[in-house]
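**Student:** Residue numbers (the working numbering): 1 to 130. Built from N, CA and C at the ideal position, the CB exists for glycine as well. Note that the structure is a prediction, hence the values are computed from the model and not measured.
#1: Mark residue 92 as exposed unless 16 or more other C-beta atoms lie within 10 angstroms of its C-beta, in which case mark it buried.
#2: What are the boundary residues of the alpha helix (DSSP H) that residue 9 is part of?
#3: What is the rounded straight-line gap between the Cα of residue 7 and the Cα of residue 75?
#4: Assuming residue 109 contacts residue 28 (C-beta within less than 8 Å), just tell me the rounded distance between them.
#5: On the three-state DSSP scale, how would you describe residue 99?
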């Protein structure tokens with residue numbers, strides 16, 4: 001995987017997050033992908049479970065947020081991406097995140113792991129993972 005491919009994958013992730021439904025997840029995750037929401041959490045396994053988690057985590061396609069990202073490193077099939085997300089207008093929640101993404105040969109993600117960090121005073125676990 002090259003940096004441009006990783007950037008394209010991140011853009012697709014954000015676009016799909018903003019899209020109603022979960023059908024498009026199959027374009028960025030393999031059927032047997034794992035998605036770990038924090039380093040010590042059990043991973044969500046398989047595309048149907050990822051779709052269910054995805055819908056539970058977001059407010060819908062009209063959710064107001066801004067996301068910026070930077071590809072930090074790419075080594076073979078593995079990339080590290082620094083992400084910053086701000087929810088609301090005005091901003092009511094924000095966090096920074098490191099993503100470790102392992103790609104299949106077809107460019108879809110087969111393993112996704114988040115390392116989220118919140119400012120002091122905000123929650124420190126993904127919703128439903130306390």
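**Tutor:** In short:
#1: exposed
#2: 3 to 17
#3: 14 Å
#4: 6 Å
#5: strand
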